[in-house]
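Trainee:
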């Protein structure tokens, strides 16, 4: 405990806490959309793809900046996303297969190229994040992403939900489903960008999938998935930083570990789905 | 046989006009030279064998599938955006994400989006429309608060029809609306569709049961990639026309 209080005096630790809160909330909020869109696999693809994108930008420009990382990640994601769509259209392969081929290839390329990117960070930091070395400038980016997520998702919640539920019916009702799909992609990419530095490309999927899944075990109200997911993501990430830093455990993996443990606990406590309780569907059929 | 299908002329201003419609999925022609004049205040059944293009025609009218050739106008307007709120669409079951955490009432409330847009609040009028739609499809009471994943096939169908009704759209495009309904609810939906047509809506629905056609719809369009025949149920449903519609597939 005293160690924790000592650490609170250190700016890098306070920055790590704020970062955890911000990206935990952003990712948790967006995780509701990921769940409803059933796009966990797409996300794995996007997140893995960001690595080669960023590495190539570093190779070309010789330095790692937020803007450069963003452009690289975005271009690589677009390349893999559009590539997989093209393959799906022109072959009989399902898009999940095309995506899996593209993103693993892209990730492999990233790992191969990584040693040639001369930055101060080593491979492990690239792959699993370094939330303790976040700068003030990074914090501003995380804050901006959190604001953008909250604002756009709140403004467009109704058309977003209609699109997610049944896009055809929504389109006939006059919802701009293409714009809404772009917005969803943007929200996911921004959330991934935010967690890339904190937990790395692989574990970032956990942050962007688990909170919404936890909340969905407790509620049937669509909107609670987002706010509840945000709260769970935020608390889980902050808790992980508080536990891991004094104990000198890797922070990024701790965040996903805490969320994973929370999920399992939630599963056993869930009023609807717990294996210890009768599910409502079983009750119904026994009537 | 008139190639261009006309429903009754009620002297109404609202008219759906389809002219020389060609639709392709990649290189396969699905619809060929479809012509249709349909006015509100009538109900039209699309009848044909599997793969005849019934769903595709509904989707093309709804603006979900793009035609290669031809024109679709509603009230003289061929801009899709302008049609937005006036059309309601009922998809087939398998196209819906039934795991979505939402209640029956939530689904029906989605129908009010057309009137409310992204931001406006629900008014008592919206609530009334939702309640009325739920009651019409006998989905009110306890059923209204059920999760959609817990519904039977027929109940899911009724929830979605209620959503289309709550939208208070002028044109209802229904893809096999009677699928999964039991006898009582079939009779109920029959009454509802007749009522909607009487209220001056235009109902266009794909339908697979030739025997019940004339009870439900006043017009029928026999479809097999092309319009085989079209007109009032009595004048169109001859054995010759039906054979012509359904035999083509056997030759393919």
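Chains as they are written, first to last, in the working numbering: chain A, 1 to 287; chain B, 288 to 539.
Even for Gly, the Cβ is constructed at its ideal location relative to N, Cα and C.
These numbers were taken from a predicted model, which means no experiment stands behind them.
If distances are taken between C-alpha atoms only, which option among 438(B), 439(B), 447(B) comes closest to residue 424(B)?
Mentor: Within the second chain, numbered from 1, the residue matching residue 424(B) stands at position 137. Nearest option by C-alpha distance: 447(B).
Trainee: Comparing alpha-carbon positions, which option in 106(A), 134(A), 158(A) lies nearest residue 45(A)?
Mentor: In the first chain, the residue the question calls residue 45(A) occupies position 45. For residue 45(A), the nearest C-alpha among the options comes from 106(A).
Trainee: With 7 Å as the limit, tell me which residues of the stretch 370 to 384 of chain B have their beta carbon closer than that to any beta carbon of chain A; keep them in chain order.
Mentor: Under the 7 Å Cβ criterion, the stretch 370 to 384 of chain B contributes 371, 372, 374, 375, 376, 378, 382, 383, 384.
Trainee: Using C-beta distances below 6 Å, list every residue in its chain close to residue 445(B), excluding the 5 sequence neighbours before and after it, in chain order.
Mentor: Numbered from 1 along the second chain, position 158 holds the residue referred to as residue 445(B). Hits under 6 Å: 424, 426.
Trainee: Which chain D residues are close to residue 211(A), counting only those with a beta carbon under 9 Å from its beta carbon?
Mentor: As a matter of chain content, chain D is missing from the structure shown, whose protein chains are A and B.
Trainee: Within 10 angstroms of its Cβ, does residue 396(B) collect 16 or more other Cβ (buried), or is it exposed?
Mentor: As a working note, residue 396(B) is residue 109 in the second chain. So residue 396(B) counts as buried.
Trainee: Give the secondary structure of residue 131(A) by DSSP, where H, G and I count as helix, E and B as strand, and everything else as coil.
Mentor: Taking the first chain and counting its residues from 1, the one referred to as residue 131(A) is at position 131. Residue 131(A) falls in the helix class under three-state DSSP.
Trainee: For residue 507(B) and residue 156(A), what's the separation of their Cα atoms in angstroms?
Mentor: The count along the second chain starts at 1 and reaches residue 507(B) at position 220. The count along the first chain starts at 1 and reaches residue 156(A) at position 156. Their Cα atoms are separated by approximately 40 Å.
Trainee: From residue 180(A) to residue 159(A), what does the alpha carbon distance come to, in whole angstroms?
Mentor: Taking the first residue of the first chain as 1, we reach residue 180(A) at position 180. Taking the first residue of the first chain as 1, we reach residue 159(A) at position 159. C-alpha separation (whole angstroms): 7 Å.
Trainee: One question on the structure: do residue 27(A) and residue 207(A) come within less than 7 Å of each other, judged by their Cβ atoms?
Mentor: By 1-based counting over the first chain, the position of residue 27(A) is 27. By 1-based counting over the first chain, the position of residue 207(A) is 207. In this structure, residue 207(A) lies closer than 7 Å to residue 27(A) by Cβ.
Trainee: Tell me the rounded alpha-carbon separation between residue 411(B) and residue 418(B).
Mentor: In the second chain, counting from the first residue as 1, residue 411(B) sits at position 124. In the second chain, counting from the first residue as 1, residue 418(B) sits at position 131. Approximately 10 Å between the Cα atoms of the pair.
Trainee: So, helix, strand or coil for residue 455(B), using DSSP?
Mentor: Within the second chain, the letter at position 168 stands for residue 455(B). Residue state, collapsed to three classes: coil.
Trainee: Count the other C-beta atoms from every protein chain shown that fall within 10 angstroms of the C-beta of residue 10(A), then say buried if there are 16 or more, exposed otherwise.
Mentor: On the first chain, position 10 is the one that residue 10(A) refers to. When all chains shown are included, residue 10(A) counts as exposed.
Trainee: For the alpha helix (DSSP H) that contains residue 27(A), what are its first and last residues?
Mentor: Counting from one through the first chain, the residue named residue 27(A) turns up at place 27. Where residue 27(A) is concerned, the enclosing alpha helix (DSSP H) stretches over 11 to 37.
Trainee: Compare the C-beta of residue 241(A) against all C-beta atoms of chain B and say whether one is closer than 7 Å.
Mentor: Position 241 of the first chain, counted from the first residue, corresponds to residue 241(A). Not one chain B Cβ lies under 7 Å of residue 241(A).
Trainee: What in chain B is Cβ-close to residue 59(A), meaning under 7 Å?
Mentor: The residue given as residue 59(A) occupies position 59 in the first chain. The premise fails here: residue 59(A) is roughly 40 Å from chain B at the closest Cβ pair, so nothing lies under 7 Å.
Trainee: Please tell me whether residue 162(A) has its Cβ less than 7 Å away from any Cβ of chain B.
Mentor: Taking the first chain and counting its residues from 1, the one referred to as residue 162(A) is at position 162. By this cut-off, residue 162(A) is an interface position.
Trainee: Is there a Cβ from chain B that is less than 7 Å from the Cβ of residue 165(A)?
Mentor: Taking the first residue of the first chain as position 1, residue 165(A) is located at position 165. At least one chain B Cβ lies under 7 Å of residue 165(A).
Trainee: Quick one: what's residue 315(B) bridged to in DSSP?
Mentor: Stepping through the second chain from its first residue, residue 315(B) is reached at position 28. Residue 315(B) is bridged to 312(B).
Trainee: Just mark residue 288(B) as buried or exposed, buried being the case when its beta carbon has 16 or more other beta carbons within 10 Å.
Mentor: Residue 288(B) sits at position 1 when you count from the first residue of the second chain. Residue placement at residue 288(B) cannot be trusted, given a pLDDT of 38 that sits under 50; what the coordinates show is reported in the next sentence. Label assigned to residue 288(B): exposed.
Trainee: Can you confirm whether residue 533(B), when its beta carbon is compared against all beta carbons of chain A, has any partner nearer than 7 Å?
Mentor: Taking the first residue of the second chain as 1, we reach residue 533(B) at position 246. No - not a single Cβ of chain A is within 7 Å of the one on residue 533(B).
Trainee: DSSP three-state call for residue 513(B): helix, strand or coil?
Mentor: For the purposes of this step, residue 513(B) is taken as the residue at position 226 of the second chain. Residue 513(B) falls in the strand class under three-state DSSP.
Trainee: Within 10 angstroms of its Cβ, does residue 67(A) collect 16 or more other Cβ (buried), or is it exposed?
Mentor: The count along the first chain starts at 1 and reaches residue 67(A) at position 67. Classification for residue 67(A): exposed.
Trainee: Nearest-angstrom Cα distance between residue 330(B) and residue 348(B)?
Mentor: Working through the second chain from its first residue, we reach residue 330(B) at position 43. Working through the second chain from its first residue, we reach residue 348(B) at position 61. About 15 Å.
Trainee: Helix, strand or coil for residue 158(A), going by three-state DSSP, please let me know.
Mentor: Your numbering for residue 158(A) matches position 158 in the first chain. Reduced to three states, the DSSP call for residue 158(A) is helix.
Trainee: If you count every other CB in all the chains shown that lies within 10 Å of the CB of residue 361(B), and 16 or more means buried, which is it?
Mentor: Your numbering for residue 361(B) matches position 74 in the second chain. Per the 10 Å Cβ criterion, buried.
Trainee: Quick check: the Cα distance between residue 174(A) and residue 498(B), rounded to an integer number of angstroms?
Mentor: Residue numbering aside, residue 174(A) sits at position 174 when the first chain is read from its first letter. Residue numbering aside, residue 498(B) sits at position 211 when the second chain is read from its first letter. So the two alpha carbons sit approximately 35 Å from each other.
Trainee: Drop a sphere of 10 angstroms on the beta-carbon of residue 440(B), count the other beta-carbons inside from all chains shown, and report buried for 16 or more, exposed for fewer.
Mentor: Locating residue 440(B) in the second chain gives position 153, where the first residue counts as 1. Exposed, because fewer than 16 other Cβ atoms sit within 10 Å of the Cβ of residue 440(B).
Trainee: Can you have a look at residue 392(B) and say buried or exposed, based on whether 16 or more other CB atoms are within 10 angstroms of its CB?
Mentor: Here residue 392(B) is taken as the residue at index 105 of the second chain, counted from 1. The residue in question, residue 392(B), is buried, as its Cβ has 16 or more Cβ neighbours within 10 Å.
Trainee: Between residue 199(A) and chain B, is there a C-beta pair that is closer than 7 Å?
Mentor: The count along the first chain starts at 1 and reaches residue 199(A) at position 199. With 7 Å as the cut-off, residue 199(A) does not count as an interface residue toward chain B.
Trainee: With a threshold of 7 Å between beta carbons, is residue 449(B) in contact with chain A?
Mentor: Reading the second chain from its first residue, position 162 is the one you call residue 449(B). With 7 Å as the cut-off, residue 449(B) does not count as an interface residue toward chain A.
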